[in-house]
Each structure stands twice: as structure tokens, then as C-alpha cells.
Amino acid sequence: MRFRGIVVVIGVLAAALTLLLGSGGGIARADLPVTYNFLGGIPDELAHPGGSLAGSNDFGCKPSPAHPEPVVLVHGTGGSQQTNWGTYVPLLKNQGYCVFALTYGVIDGAPWPVSAVGGMKPMESSAAQLATYVDKVLAATGARKVDIVGHSQGTVIPDYYAKFLGGANKIDKYVSLAPLWRGTTVGGAAVLMPLLRGLGLTDAQFPLCQACAQFDPTSPFLIKLRTGGVYLPNITYTNISTRYDELVIPYTSGQLPGGVNVHNIVVQQGCSVDYTEHAGLAGSRRAAYFVLNALDPAHPKPVPCDRAAPITGSAF
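Numbering (the working numbering), first residue to last: 3 to 318.
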């Protein structure tokens with residue numbers, strides 16, 4: 003009886019150990035909660051100013067054979083590594099990716115909360131920040147390349163890095179949410195900016211948001227970016243746009259045709275009830291599943307169709 007009791011105890015312990023251990027031999031960890039809401043990262047920034055979302059920026063993370071490229075998230079204008087990526091950090095981490103995010107283009111010496119407002123500096127400067135950050139990620143993880151997921155301004159900065167700052171051979175997949183390859187005419191930028199430049203004002207002289215002047219289709223930055231084409235042959239591109247984009251006008255600015263390595267998606271195609279606009283595209287469940295499939299095309303997931311709200315991208 004005593005021997006049988008010992009066997010039972012050992013069996014119970016073995017079963018418990020099986021539950022605790024993950025497939026890699028480590029302690030199993032519950033999935034991070036995923037909220038499909040563009041505003042979902044703001045509470046984390048308020049609670050931990052200038053910090054990192056749970057699941058991101060673990061420089062001890064080693065990519066798995068299933069996902070050999072770490073994912074670098076590049077926020078949009080006015081965003082940060084926390085406020086922009088409340089949906090994507092936990093989603094990608096739960097899928098087994100090493101996830102990294104930076105805040106770039108912050109006004110020098112700005113105190114919090116202004117220090118949480120990124121994407122203000124000239125985009126050439128921000129691209130250089132991204133270059134340094136990617137090298138840090140590659141050195142820490144041992145990976146040869148990264149995958150990029152960018153939103154808004156964060157869709158064009160990586161291209162400048164790839165074309166002009168040595169990033170061409172360091173990016174594998176490049177996924178863009180609300181891209182603006184041809185710039186935007188929002189706020190009359192296509193008329194106003196050339197006029198101001200004609201008066202001698204440079205893009206770098208605009209107060210606070212120096213990058214904003216560079217969204218004009220005729221800006222030297224975008225002209226340089228488009229010269230010779232924005233796409234590079236050894237990178238796979240996925241552009242995800244919304245017809246209701248109120249900041250990238252027209253939304254087709256981000257649907258630039260390319261070769262076999264370029265895939266253009268409009269979220270309303272096949273889902274007319276999706277009312278996601280510019281910001282909400284980074285919180286939409288539909289857009290998120292397009293991103294997952296772009297990062298792992300060998301294992302595609304069914305893409306949901308939600309009646310998605312503007313601003314948040316949440317289903318309603």
C-alpha cells in the first residue's frame with residue numbers, strides 16, 4: 003500500500019509537471035490578453051510612462067524555428083511603442099514571435115507626457131534611429147533579419163532605412179498599416195507645402211511636427227523615396243489600407259502596385275461593414291489577421307469580418 007501510494011504521488015507530480023512545462027521545456031505561461039482596440043495601449047503608458055508593453059522588448063528572447071525573424075513594430079505620427087501597439091504586442095507574442103518596439107522622433111528634452119508623442123522629427127532622423135534599433139535587435143536575438151510592421155508614418159520610415167541606410171538585407175517581411183507611399187493631400191498639404199517652400203521655409207523648420215511637412219506628395223523626402231521605386235526585390239511587402247482613411251488621402255496612396263513580392267489589401271474588400279479608418283486600422287481584428295497571414299503565409303488563418311468602429315477598430 004505504501005509503495006502504491008508513492009507511485010500515485012509520483013504520477014500526480016508528473017501530470018502537474020506536464021501541465022507546467024511548455025514544449026520548449028520552460029514554464030508554460032498563460033497567453034497575454036489581447037484587446038482589439040487601437041487605444042488599448044494608453045493605460046499602460048499612463049501606468050508606466052516611457053515603458054514597454056508586457057511581451058515586448060525582451061532582449062533575451064530567441065526566435066523559434068517557426069518564427070525565425072523577430073518582429074519590430076514602428077508606430078505612427080504622435081504614437082509610441084506603448085500607445086500604438088496595445089493590440090499587436092500581445093497578439094504577436096502569443097503567436098510565438100519575439101516582439102520589439104521603439105519610440106522614435108521624440109522632441110529633444112521633452113518631459114512626459116510629451117515624450118510619449120513620437121514621430122515628430124524629420125523622417126530621415128527617425129529612420130536612422132530605426133537602423134540603430136534593428137541592429138540592437140539582431141545582435142541580441144542572433145537573427146539575420148527582422149520583420150517590420152509599421153503604421154502610418156511607420157510605414158515609410160523603414161523604407162528609407164532599407165533604401166538608404168543599409169537595411170535592405172536586414173528586412174524579410176514588411177507589413178504596412180495605412181501606408182502613404184504617394185503622400186497625402188489632407189489639409190491641403192499638396193497646395194500649402196509647395197507654397198511655403200517657395201517662400202524659403204524648409205521641412206525641418208516646421209515647429210513641433212517636422213515630419214508632418216514631409217507627408218506632402220511633393221516633399222523632397224517622398225520624392226527621394228519614390229525615385230527608382232519604393233520596393234526592393236528581396237523584401238516581401240504587404241500594404242493594408244482602408245477606404246475610410248481620413249488622413250491618407252486618397253487611401254490608394256498606400257496601394258502602390260509592385261511585382262510578385264507586393265500584396266495590396268483593402269480591408270473593406272469582402273467586408274463592407276468594416277468602418278475602420280486610419281487609427282483604428284492598428285486595432286482592427288480583421289487587419290490584425292491580415293498581418294498574421296503576411297508574417298506567416300505558410301500557415302494562413304481565416305480572416306474575420308467584423309462591423310468595426312472608427313478610431314478604435316473594435317467590433318460593435
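Glycine included, every Cβ here is placed at the ideal spot set by N, Cα and C.
Using a 10 angstroms sphere on the CB of Asp149, the tally of other CB atoms reaches 16 or more, which defines it as buried. The beta carbon of Phe61 sits closer than 6 angstroms to those of Ala142, all from its chain and outside the five residues before and after it, given in chain order. From the listed residues Leu297, Ile251, Thr244, the smallest Cα separation to Thr278 is found for Thr244.
Going by DSSP, Asn241 is part of the beta strand (DSSP E) stretching over 238-243. Taking 8 angstroms as the cut-off, the beta carbon of Gly256 is found closer than this to the beta carbon of Ser178.
Cβ-Cβ distances below 6 angstroms link Val232 to Asp161, Trp183 in the same chain, with the five nearest sequence neighbours on each side left out; the list follows chain order.
Using a Cβ-Cβ distance cut-off of 8 angstroms, the segment 42-53 and the segment 74-87 are in contact, since at least three pairs of beta carbons, one from each stretch, lie closer than that value.
Asn86: not part of any beta strand (DSSP E); DSSP gives it neither H nor E. For Ala164 and Ile313, the gap between their C-alpha atoms comes out near 30 angstroms.
Uninterrupted beta strand (DSSP E) stretches at least 3 residues long and entirely within the segment 246-299 occur at 264-268, given in chain order.
Of His280, Asp46, Gly57, the smallest CA-CA separation from Val91 is found for Gly57. No Cβ-Cβ contact shorter than 8 angstroms links Leu227 with Ala170. Between the segment 131-138 and the segment 100-118, the count of C-beta pairs closer than 8 angstroms reaches three or more; the two stretches touch. Just so you know, the alpha carbons of Ala130 and Leu167 end up roughly 7 angstroms apart. Leu75 and Val101 have their C-alpha atoms spaced approximately 8 angstroms apart.
DSSP, reduced to helix, strand and coil, places Val119 outside both helices and strands of the structure shown, so it counts as coil. By the neighbour-count definition (other C-beta atoms within 10 Å, threshold 16), Phe217 is a buried residue. Contact annotation: Glu248 and Lys147 have beta-carbon atoms that are not nearer than 8 angstroms. If you keep only unbroken beta strand (DSSP E) runs of at least 3 residues inside the segment 30-83, you get 73-76. Ranked by Cα distance from Ala32, the options Gly98, Leu210, Ala68 are led by Gly98. Within the model, the alpha-carbon separation for Lys64 versus Val119 is close to 30 angstroms. A check of alpha carbon separations from Thr187 across Thr220, Gly111, Leu210, Lys175 identifies Thr220 as the nearest. Here Gly168 carries a coil assignment [DSSP, helix/strand/coil]. When the five nearest sequence neighbours on each side are left out, the beta carbons in the same chain lying within less than 6 angstroms of the beta carbon of Asp174 are those of Glu71, Lys147, Asp149, in order along the chain. Asn39 is a Cβ neighbour of Thr89, given a cutoff of 8 angstroms. Per DSSP, Tyr135 is one residue of the alpha helix (DSSP H) stretching across 125-143. Here DSSP, grouped into helix, strand and coil, assigns Ser154 to helix. Counting only the Cα atoms, Val293 lies some 18 angstroms from Gly43.
Secondary structure note for Tyr176: its beta strand (DSSP E) is the uninterrupted segment 173-179.
In the displayed model, Phe102 falls within a strand according to three-state DSSP. Between His153 and Pro304, the alpha-carbon positions lie close to 22 angstroms from each other. Residue Lys172 holds the alpha-carbon nearest to the alpha-carbon of Leu140 among His77, Glu126, Ser316, Lys172.
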